[in-house]
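Single-structure report; data block below.
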Amino acid sequence: MPQPPPSAAAPTADDADAQPASATAIPDAAGNPVLDVLDTAELLICIGSGGVGKTTTSAALALLAALRGRRTLVLTIDPARRLLQALGLSDATLPANTPLEVLPRMAAAFNRPEPSHYDGGVTHAGSLHAMMLDPENGAVAMVERLLPDDALRDEVLGNRIYQALLPALGASPDLVALELIADLHRDGRYDLIVLDTPPAHNTMDFLQAGQTFSNFINERVLKWFAKVPRRDTPQKRSLFSRGGSVAMSVLGRLFGAEILPDIAQFFYSFRDVMPRMRERNEQTDALMRSDVTRFVAVTAPGATSLREAAHLRTLLRDESLPFAGFVVNRVLQAPESLSSDARLNTVADDLARRLQATGLSAPEAQNLAARVQEGAHRLRFMDRADRQQVASLQELAGTDAFCTVVPQMEHDIHVLDELRDLAERLVSGVQ
Amino acid sequence: MRHLLDRHILLVTGKGGVGKSTVATTLARRASRDGKKVLLVEFESVSRAAPLFGMDAAPVDPVAVEPGLDLMGFDLLYSLRTFATDQLKLKTLVNMALRNDTVRGFFLAMPAIKSVLFLYHLHRLERIHGPDGDGRWDLIVCDMPTSGFVAGLYGVPTMVRQIFRVGPLATTADDMGKLLFDPLRTGLVLVTLPEEMPVVETIELRNALRAKHGIDTAAIVVNGVYPTLIDHDEMVALAAAVGEGTELTDDPDGIEGMLWAAGVLGRRRDRAVALLPQLRDAAGGRLIELPHLFRRTLPLTSIDELADSLGGTLKGS
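Have a look at this one:
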């Protein structure tokens, strides 16, 4: 198994004096799979379970793409301040569903001349926009886009059921995010869109959001409710006397017959937009599978996340979705020198002698050295687990995908230099 | 104040990756070892608890995994079938209807369906088998999805009530509301790591739930607190002992590695300690600290170690 270089691995600097990234060269693309993806993809979708550093990874990848000359947008659903913080913009407020350009501020944050200085040899300067997804407003906008006719729009937006369902749509932002990136991609204003996927229950929910929505609103469902008299229909008809389907009878008994006219009205108001919805779903689905899209699975140490990463890899393969690689965050990367017990023993003895030489009593010195050794021993235990996990992920990645390893940072990323440093680690950490 | 484990239901949530499952399992294990009959419910489809007990997945119907501890996994389709059968009283009709792709797809695609069915299922388990039912379980511990989902859960009864003013779902919504908002029955446990962002978000969530829904968090659990192995004075002594001007050793890299370890542990401990006061404030005396065990994967023995470490901290939660 290739070992990461211990010098790069060991975060020896104290929190207060972490070294900023070098002000010079943007990493060279030659053969680096991460840079290759950043230079060629149009849609980069970061997937993975929560708490693995997905938002920060997305921001770092977007930053690097922008520095390499691409017009880049990073879209997140996490609280805006996290992304803003990572982009060195913690004082600004990021308006929902509106791209905000961060590159001019980025130049200021770097305290350096124009960003074109960092264009990595590309002739035009890139740009970086950030955007926060507000699912509830996004859901309203999505429905409004679907309903071009004013009367129909008023009908849907005024529907009691639609109004009650809005917060629920907001709580499941998958579809809104999918629709938004498809629109933005179509729009062509950005060379690359990086999506920090919503913290879905699982990635499948996200990928199938369009399909799920059509399962809810489609012609067949409409047909069930077509038998129900709507509130605006003058003649009252008995619900079950007209030979309603089994499904209809189930619906009536589950929801209560009284409510069915309202539900019928809700579905009826979508009658004219179904073909349009289906068309959009098909387009979004095609975009996901096209060669301009890449999926990056972000993960972190732990057996569960390894299992999930393996699951994601299989899922993408089964769905024929283009997988770019794994990003393994928060890997301990202990120095090589901690790897053998015998060596730890010798070094601990040495340490005790040196402590004694500075004035500690023999028992004091031995006790302290023993505790340091114990600490080193514990970290090594975790480090071994991490290395095994990285090896498994490398194997899973195979030859056509990358596996890049990022060491555990000693604190959250607050300033842009740290984000840029992280971006470079994403490139240099390819195993 | 009531003992944390004396409630009927605990909902355990937090940001992704903070150790919700570990904490839920620890609390369940602790209660069962204290003599309670406990059910651990996992919401996510990939079970984290099942492997601890030598199983691949958590079954949809509770099974005993240890004396006093049962395990089940929430399954959307199974819950839908249960709900529909309860309402329609005709199992064959339900099975027939749900075999139809359109029908099944429609129900599973309904907005907030996961929340509604989960609450329904939970309410049913508690009513039938809780302390006020047949007493099969004293406590149901739920390993929930991330905090965003759980925050949304508190709005679900109202939403359902708005849509279904009468009928079976309206009644169900009322039952769900009673279950969620009765602090003697249901307690919310927020899990965090001793790290800046999770701590800030935990405190914000606690405040938001109180302001918006009047929910008082039953306990905040801070997971993975590094122990103090080496204190500040000792770090200074170590630096002096290996610093400039001291004699070269046979293994400078080895010494450097040891200091790296001491530094990492010291910084993480410092960072955790710095964050504890604000968590303690927010938790109002209901903060539970769990130690870092220096493992990436926790076997059952480690869970029990954590359960033991709870000691008296649960009293008066």
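If you read the protein sequences in the order shown, they are chains D and X.
Those letters in the first sequence? Residues 1 to 431, by the working numbering.
Those letters in the second sequence? Residues 1001 to 1317, by the working numbering.
A virtual CB, placed ideally from N, CA and C, is assigned to each residue, including glycine.
- Restricting attention to A66/D, D36/D, I77/D, L146/D, the CA atom closest to the CA of R276/D is found in L146/D.
- About 16 Å separates the Cβ atoms of G188/D and T284/D, ruling out a contact at the 8 Å cut-off.
- Under a criterion of Cβ atoms nearer than 8 Å, the residues of chain X adjacent to V221/D are, in order, T1102, F1106.
- According to DSSP, residue pairing for T404/D in a beta bridge involves V327/D, V430/D.
- DSSP lists no beta-bridge partner residue for G1068/X.
- F1118/X is positioned such that its CB atom lies closer than 9 Å to that of F1043/X.
- Judged by their CB atoms, D196/D and T76/D are nearer to each other than the 9 Å cut-off.
- Residue R420/D holds the alpha-carbon nearest to the alpha-carbon of A66/D among R384/D, R420/D, H311/D, K227/D.
- By the 16-neighbour rule on beta-carbons within 10 angstroms, N1095/X is exposed.
- Two segments are said to touch when three or more pairs of C-beta atoms, one from each, lie closer than 8 Å; by this definition the region 1055–1064 of chain X does not touch the region 1029–1036 of chain X.
- The criterion of a C-beta distance shorter than 9 Å is not satisfied by P1194/X and R1295/X.
- A check of alpha carbon separations from L287/D across R71/D, D183/D, G429/D, T72/D identifies D183/D as the nearest.
- Nearest C-alpha to A1109/X among N159/D, K227/D, Q431/D, F213/D: F213/D.
- A distance below 8 Å between beta-carbons, with the five flanking residues on each side excluded, links L306/D to the following residues of its chain, in chain order: T299, Q389, S392, L393.
- Interface annotation for the region 34–55 of chain D against chain X: S49, G50, G51, V52, criterion Cβ-Cβ distance under 7 Å.
- DSSP places M1235/X in the uninterrupted alpha helix (DSSP H) bounded by 1232–1242.
- Looking from the CA of D134/D, the closest CA among P198/D, V331/D, S361/D, S337/D belongs to P198/D.
- Listed in chain order, the beta strand (DSSP E) runs fully inside the region 1149–1237 of chain X are 1186–1192, 1219–1225, counting runs of at least 3 residues.
- Taking 9 Å as the cut-off, the beta carbon of V1160/X is found no closer than this to the beta carbon of L1027/X.
- R1280/X does not reach chain D, its nearest Cβ partner there being about 21 Å away, counting only Cβ pairs nearer than 7 Å.
- Proximity of S1079/X to chain D, defined by a Cβ-Cβ separation below 9 Å, is not satisfied.
- Contiguous beta strand (DSSP E) elements confined to the region 314–375 of chain D occur at 323–331, taking only those with 3 or more residues.
- In the structure shown, E144/D falls within a helical segment according to DSSP collapsed to helix, strand and coil.
- Under DSSP, I193/D shares a beta bridge with L43/D, L73/D.
- The alpha-carbon of A309/D is positioned some 33 Å away from that of P1067/X.
- Boundaries of the alpha helix (DSSP H) around D205/D: 203–207.
- The beta carbon of P1131/X lies closer than 7 Å to those of H1008, D1138 in the same chain, with the five residues before and after it left out.
- Listed along the chain, the chain X residues whose CB falls inside 7 Å of the CB of I181/D amount to none; the nearest CB is some 20 Å away.
- Close to E1234/X, with beta-carbon spacing below 7 Å, are these residues of chain D in chain order: L368.
- Judged by beta-carbon spacing, I1220/X lies beyond the 9 Å limit of T1022/X, meaning their Cβ atoms are not closer than that value.
- In the DSSP assignment, the residues bridged to E101/D are H129/D.
- When DSSP states are grouped into helix, strand and coil, G158/D belongs to the coil group.
- Put simply, of L426/D, D350/D, Q333/D the residue whose alpha carbon is nearest the alpha carbon of F381/D is Q333/D.
- For the pair L1229/X and R1269/X, the Cα-to-Cα distance works out to about 9 Å.
- Fewer than three pairs of CB atoms, one per stretch, sit closer than 8 Å, so the region 408–415 of chain D makes no contact with the region 41–50 of chain D.
- For V372/D against V34/D, the beta-carbon gap comes to about 36 Å, at or over 8 Å, which does not count as contact.
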